[in-house]
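Participant:
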Amino acid sequence: GSSEGGAQSLGHLGLYAMLAHGATANLYETQTYKSDYNPDFWYAFQSGLPIPRPKTPLTYQKFESYLRALGINVEKLGNVLQFVPLFDEDIKKLSNGKVDATKIIRMKKGEPVAEEGGLFDPRLTGGFFGTKYTHIPLNEVVPNPLFERTLCILFEINAATFKDLITGKLGVDSAGKITPDGKYKYGDAFKILLRRLDPKKELAKATQEIKTANDQRKAVLARKIKILRNIIKLKKKPEEIFLRKNVIVIPPFFRPLVQLKQGGISVHDINGLYRNIAMVNNQIPVAKKEFPEAEYGKVYARLYDAVKALEIDGLEVGINRKLKSVMDIIVGPSPKLGYFQSALLKRRQDLSSRGVIVPDPTLHLDEVGIPEDMAWKIFEPIIVRKLVEAGYSPARARLVVENREEAARRALEREMANRPVYLKRDPVLHKYGVMAFYPKIVRDKVIHIHPLVTAGFNADFDGDSVAKASVIYINDDQLHRVGMENFPHKDLIKRTEKITEYSVPSNIKILTFNPETLEVSWKTPYSYSIHKKVPCYEIETSRGIKAIVSGDHSLVSVNLDTFELERVRPKEAVGRFVPVLNKFKVVESKTTVRLKGRDIPLDYDMGFLVGAYCAEGCLSSKRKDEQYYHAVTISAINPQTRKKIEQITTKLGFHSYQQERDTNLYGRKYRQGNIHIYSTELARLLHEWCGNGSKNKHLPPFFLSSPYDFRRGLLAGLLMGDGSIYEAGILFYSTCERLIREVILLAQSLNIRTGKLHKCVHNHGIVCYRLAFNPSDLKKLQLQLYHPKKQKRLNAYPGRNNIYDTIPIPTKLRSKIWRRRGLVTRKTAAEIVDRLQYD
Numbered sequence: 002g003s004s005e006g007g008a009q010s011l012g013h014l015g016l017y018a019m020l021a022h023g024a025t026a027n028l029y030e031t032q033t034y035k036s037d038y039n040p041d042f043w044y045a046f047q048s049g050l051p052i053p054r055p056k057t058p059l060t061y062q063k064f065e066s067y068l069r070a071l072g073i074n075v076e077k078l079g080n081v082l083q084f085v086p087l088f089d090e091d092i093k094k095l096s097n098g099k100v101d102a103t104k105i106i107r108m109k110k111g112e113p114v115a116e117e118g119g120l121f122d123p124r125l126t127g128g129f130f131g132t133k134y135t136h137i138p139l140n141e142v143v144p145n146p147l148f149e150r151t152l153c154i155l156f157e158i159n160a161a162t163f164k165d166l167i168t169g170k171l172g173v174d175s176a177g178k179i180t181p182d183g184k185y186k187y188g189d190a191f192k193i194l195l196r197r198l199d200p201k202k203e204l205a206k207a208t209q210e211i212k213t214a215n216d217q218r219k220a221v222l223a224r225k226i227k228i229l230r231n232i233i234k235l236k237k238k239p240e241e242i243f244l245r246k247n248v249i250v251i252p253p254f255f256r257p258l259v260q261l262k263q264g265g266i267s268v269h270d271i272n273g274l275y276r277n278i279a280m281v282n283n284q285i286p287v288a289k290k291e292f293p294e295a296e297y298g299k300v301y302a303r304l305y306d307a308v309k310a311l312e313i314d315g316l317e318v319g320i321n322r323k324l325k326s327v328m329d330i331i332v333g334p335s336p337k338l339g340y341f342q343s344a345l346l347k348r349r350q351d352l353s354s355r356g357v358i359v360p361d362p363t364l365h366l367d368e369v370g371i372p373e374d375m376a377w378k379i380f381e382p383i384i385v386r387k388l389v390e391a392g393y394s395p396a397r398a399r400l401v402v403e404n405r406e407e408a409a410r411r412a413l414e415r416e417m418a419n420r421p422v423y424l425k426r427d428p429v430l431h432k433y434g435v436m437a438f439y440p441k442i443v444r445d446k447v448i449h450i451h452p453l454v455t456a457g458f459n460a461d462f463d464g465d466s467v468a469k470a471s472v473i474y475i476n477d478d479q480l481h482r483v484g485m486e487n488f489p490h491k492d493l494i495k496r497t498e499k500i501t502e503y504s505v506p507s508n509i510k511i512l513t514f515n516p517e518t519l520e521v522s523w524k525t526p527y528s529y530s531i532h533k534k535v536p537c538y539e540i541e542t543s544r545g546i547k548a549i550v551s552g553d554h555s556l557v558s559v560n561l562d563t564f565e566l567e568r569v570r571p572k573e574a575v576g577r578f579v580p581v582l583n584k585f586k587v588v589e590s591k592t593t594v595r596l597k598g599r600d601i602p603l604d605y606d607m608g609f610l611v612g613a614y615c616a617e618g619c620l621s622s623k624r625k626d627e628q629y630y631h632a633v634t635i636s637a638i639n640p641q642t643r644k645k646i647e648q649i650t651t652k653l654g655f656h657s658y659q660q661e662r663d664t665n666l667y668g669r670k671y672r673q674g675n676i677h678i679y680s681t682e683l684a685r686l687l688h689e690w691c692g693n694g695s696k697n698k699h700l701p702p703f704f705l706s707s708p709y710d711f712r713r714g715l716l717a718g719l720l721m722g723d724g725s726i727y728e729a730g731i732l733f734y735s736t737c738e739r740l741i742r743e744v745i746l747l748a749q750s751l752n753i754r755t756g757k758l759h760k761c762v763h764n765h766g767i768v769c770y771r772l773a774f775n776p777s778d779l780k781k782l783q784l785q786l787y788h789p790k791k792q793k794r795l796n797a798y799p800g801r802n803n804i805y806d807t808i809p810i811p812t813k814l815r816s817k818i819w820r821r822r823g824l825v826t827r828k829t830a831a832e833i834v835d836r837l838q839y840d
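For the sequence shown, this note's numbering assigns the number 2 to the initial residue and increments by one for each residue that follows.
#1: Looking at the strands, I want to know which residues DSSP matches up with residue 661.
#2: Alpha carbons only, please: which of 414, 225 and 186 is nearest the one belonging to residue 202?
#3: Pairing CB atoms from the segment 706-718 with CB atoms from the segment 606-624, are three or more of them under 8 Å?
#4: Between the Cα of residue 843 and the Cα atoms of 736, 795 and 709, which residue gives the shortest distance?
#5: With residue 449 as the anchor, note down where its beta strand (DSSP E) starts and where it stops.
#6: Should residue 915 be labelled buried (16 or more other beta-carbon atoms within 10 Å of its own) or exposed?
#7: Kindly confirm or deny that the segment 67-87 and the segment 152-164 touch, where touching means at least three C-beta pairs closer than 8 Å.
#8: Between residue 731 and residue 776, is the Cβ-Cβ spacing less than 8 Å?
#9: Who are the near neighbours of residue 457 in its chain, counting only those whose CB is closer than 6 Å to its CB and skipping five residues on each side?
#10: Looking at the structure shown, is residue 602 part of a helix, part of a strand, or coil, going by DSSP?
#11: Around the C-beta of residue 658, are 16 or more other C-beta atoms found within 10 angstroms, so that it is buried, or is it exposed?
#12: Quick one: any contact between the segment 229-241 and the segment 105-118, if contact means 3 or more CB pairs under 8 Å?
#13: Quick check for students: name the residue ranges of the alpha helix (DSSP H) that lie wholly in the segment 204-237, counting only runs of 4 or more.
#14: Report yes if the CB atom of residue 100 is closer than 8 Å to the CB atom of residue 304, and no otherwise.
#15: Say whether the segment 202-220 touches the segment 57-77, bearing in mind that this needs 3 or more beta-carbon pairs closer than 8 Å, one atom from each stretch.
#16: Within its chain, find whatever has a CB closer than 7 Å to the CB of residue 654; leave out the 5 residues flanking it on each side and keep chain order.
#17: Can you grab the Cα-Cα spacing for the pair residue 119 / residue 530, in whole Å?
#18: Which of the three DSSP states, helix, strand or coil, is assigned to residue 265?
#19: From which residue to which residue does the alpha helix (DSSP H) around residue 290 run?
#20: Within its chain, find whatever has a CB closer than 7 Å to the CB of residue 278; leave out the 5 residues flanking it on each side and keep chain order.
#21: Taking the alpha helix (DSSP H) that residue 438 falls in, what are its first and last residues?
#22: Extract the residue ranges of the beta strand (DSSP E) inside the segment 744-806, only unbroken runs of 3 or more that lie entirely within it.
#23: In or out: residue 15 buried (at least 16 other Cβ within 10 Å) or exposed?
#24: My output table needs one value for residue 707: the three-state DSSP class, helix, strand or coil.
#25: Can you have a look at residue 130 and say buried or exposed, based on whether 16 or more other CB atoms are within 10 angstroms of its CB?
#26: Mind checking residue 778: buried by the 16 CB within 10 Å criterion, or exposed?
#27: Measuring CB atoms only, is the segment 570-585 touching the segment 686-694, in the sense that at least three cross pairs come out at less than 8 Å?
#28: In whole angstroms, what is the alpha-carbon distance linking residue 72 and residue 243?
#29: If I measure Cβ to Cβ from residue 587 and keep anything under 7 Å in the same chain, skipping five residues before and after, which residues do I get?
#30: Looking only at its own chain, which residues have a Cβ that is under 6 Å from the Cβ of residue 425, when we skip the five neighbours before and after it?
#31: Using 10 angstroms around the beta-carbon of residue 537, count the other beta-carbons present and answer buried if the total reaches 16, otherwise exposed.
#32: What first and last residue would you give for the beta strand (DSSP E) that runs through residue 260?
#33: Less than 8 Å between the CB atoms is what I'm expecting for residue 376 and residue 417, so what's the real figure, rounded?
#34: Measure from the alpha carbon of residue 621 to the alpha carbon of each residue in 650, 676 and 646, then state which is nearest.
Dropping the structure here:
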């Protein structure tokens with residue numbers, strides 16, 4: 002994450018954790034003052050005025066309107082919210098009048114104008130941002146589609162019988178029996194069924210029957226008994242509960258019409274569903290008079306389906322285009338994307354921020370270190386209030402805080418000493434995922450926590466990204482790597498069902514590939530978009546390169562018939578060539594590191610030390626259960642290697658000593674040499690940069706923005722430890738997949754081609770990864786390995802180019818070559834292409 006992130010969210014898991022702590026007062030703030038746009042509150046708070054009562058959050062008002070559109074009313078009984086059916090009399094009380102939903106807008110001089118009597122009529126609804134309810138009176142009563150299953154259970158009929166009642170294939174006679182010859186059909190059929198229903202008598206009958214029924218019958222009766230009890234509790238007639246004579250139209254504010262910057266108009270899906278109801282509803286009187294009964298049944302069924310589309314099903318209006326129903330909006334394609342979880346429970350909080358965590362054993366268990374900029378940001382309103390209480394005017398207090406004057410700094414220190422903050426780490430799996438701490442200012446850009454609280458947060462410091470996708474970008478010549486969800490953006494350009502698009506600041510550049518010119522370059526993006534409901538796939542090339550791509554045309558591959566590059570879907574790319582990076586340039590933005598109170602250059606020696614640690618190093622702590630590391634140990638059997646590492650650590654100002662001893666591994670005795678470096682500061686730095694443990698190692702997060710010599714030294718240290726140099730090739734081995742994939746990037750940044758990544762299993766069952774380097778490319782770097790045997794083999798390497806790129810050629814040309822020359826090797830293909838280029 003970024004310590005410069007905006008307001009952060011408290012989701013449903015965090016909410017459960019707060020409830021487990023009993024922090025109801027904090028929850029009251031998070032759901033009202035701190036998560037709703039409320040300038041009056043913050044003005045009063047900072048000015049020292051009486052705090053106004055919180056308003057009902059806008060997100061809850063919107064959720065309540067969606068429930069009413071479903072035919073559900075919300076009644077508050079003490080501290081409990083109870084869902085009950087929305088009766089026709091409730092609709093008339095809420096409504097400001099009936100509307101003609103076939104009328105939406107018309108254009109006048111390029112601007113949208115609401116039609117009189119329509120869905121955005123200013124007099125009836127309040128206009129495009131109105132807050133008034135209206136209604137559509139139905140020309141034929143229909144059962145509420147939300148209670149379709151309930152009615153089937155109540156009358157013990159199946160879904161097919163219910164559908165036949167809707168279409169008129171079945172009717173109801175005077176005795177309330179369902180039959181094809183029934184006198185009463187359509188809405189009247191449901192009226193008769195519900196009027197003849199005696200809930201108390203049916204409840205007594207079902208209660209008696211369930212005592213002797215079999216298991217299958219008991220399940221049916223149990224649901225029926227529950228429904229009957231609720232009907233009795235409502236004290237309403239059954240037809241008033243289950244039938245709809247009116248459809249409530251929610252206020253325009255919750256079904257907005259938005260004019261986009263490009264000049265188009267985005268209309269909320271619910272408006273289209275209301276229009277669909279009105280159009281079918283207008284056909285009912287005509288159909289009743291002029292159509293045969295069978296045709297009228299189809300029109301009535303369409304009216305029921307139109308109401309059902311509004312509530313539950315939605316409406317297909319074209320290829321890959323569907324108007325979302327109210328239920329689609331509330332529940333979403335998955336629970337996390339639905340309105341209930343993403344907006345009602347998950348709320349962005351004022352006075353919040355985010356950042357990367359690092360261990361700091363100097364803190365107390367109840368303390369957290371936060372960057373100074375973050376402290377000023379989240380405590381700003383509180384400091385302004387304290388300065389106003391001390392006699393400053395509100396305007397002067399804000400200026401003092403903005404300039405960070407001494408008075409504001411003293412107020413900040415007092416508030417931080419007496420006002421805890423709570424720290425949350427997602428995913429919040431239990432109550433200890435949210436805990437309170439007293440904040441202290443630290444001088445860097447990360448959040449410091451005591452190592453012993455990491456277990457509660459299920460936290461670590463290995464630098465892994467939580468995001469599924471990440472992007473590297475340049476901001477004012479500084480290289481950054483972030484998760485896609487944190488990519489910098491500005492104004493909203495457009496929002497549709499599947500795509501949300503934002504503009505991007507002009508000083509941002511990203512690494513791009515042009516399939517026409519085959520160039521990799523830094524470009525300034527115009528916009529950044531989020532695509533929902535797009536499936537993602539993990540692809541793997543024959544060289545072992547893996548990537549996560551979306552299901553649309555997100556891959557570039559070679560068309561073997563035309564020899565041209567084209568965009569394809571992942572499923573279409575199987576078996577085809579795709580271009581990959583062999584080398585690229587980096588922006589050297591990080592050149593020093595702070596150690597022992599001074600700036601240490603990131604040079605060849607520093608890179609060699611870090612590379613040797615990644616390959617053969619580990620960290621030691623005084624106690625096994627403590628993450629307070631105090632020493633670095635690097636295994637190196639060769640005395641020259643240990644001597645070089647000792648020289649580097651002495652230059653850095655750290656004490657070290659060498660050790661040789663006999664050891665046993667997998668039943669085999671051998672001589673082991675180690676160098677121990679005693680420094681808590683260096684150990685903490687290497688743990689933050691590279692992790693600890695053979696399967697958790699990785700290169701420093703800034704290695705792609707480090708100087709050229711540092712990267713040379715980094716590769717030399719890695720080859721000294723886990724490299725093998727033979728006449729057949731130069732190989733690197735690792736048990737950590739992340740490390741070896743980062744080594745591929747490191748090699749590409751140094752213009753070194755690599756071979757296919759191989760996965761193998763050691764004799765003792767250990768999974769290992771093997772990578773081959775192009776010897777000619779590697780020899781050009783003139784690396785100093787400080788390992789006599791490996792150095793001698795590297796220097797003596799003939800430097801022949803025995804790694805060839807894959808040469809894609811058109812299918813027809815391949816067939817001709819095959820007929821003329823027989824089997825075509827990769828070397829032969831390379832010669833052919835060279836000649837074609839010269840010709």
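Idealized CB from N, CA, C, for every residue including glycine.
Remember, predicted model here, so these are calculated numbers, not experimental data.
Facilitator: For this structure:
#1: 674
#2: Checking every option, the nearest Cα to that of residue 202 belongs to 225.
#3: yes
#4: Nothing about residue 843 can be reported from this structure: the residues present for the chain run from 2 to 840 only.
#5: 448-450
#6: Outside the displayed range of the chain (2 to 840) lies residue 915, so it cannot be described from this structure.
#7: Too few Cβ pairs lie closer than 8 Å, so no.
#8: yes
#9: 433
#10: Strand, per DSSP.
#11: exposed
#12: no
#13: 216-235
#14: no
#15: no
#16: 597
#17: 34 Å
#18: coil
#19: Note, residue 290: alpha helix (DSSP H), 270-291.
#20: 102, 137, 248, 307, 308 and 311
#21: The continuous stretches of alpha helix (DSSP H) do not include residue 438, which lies in the beta strand (DSSP E) extending over residues 435-443.
#22: Listed in chain order, the complete beta strand (DSSP E) runs (minimum 3 residues) inside the segment 744-806 are 759-762 and 768-774.
#23: Residue 15 should be labelled buried.
#24: Coil, per DSSP.
#25: exposed
#26: buried
#27: no
#28: 10 Å
#29: 705, 706 and 750
#30: 15 and 435
#31: With fewer than 16 other Cβ atoms from the protein chains shown falling within 10 Å of its own Cβ, residue 537 counts as exposed.
#32: 258-260
#33: With 8 Å as the limit, residue 376 and residue 417 qualify as a contact, their Cβ atoms being about 7 Å apart.
#34: 676
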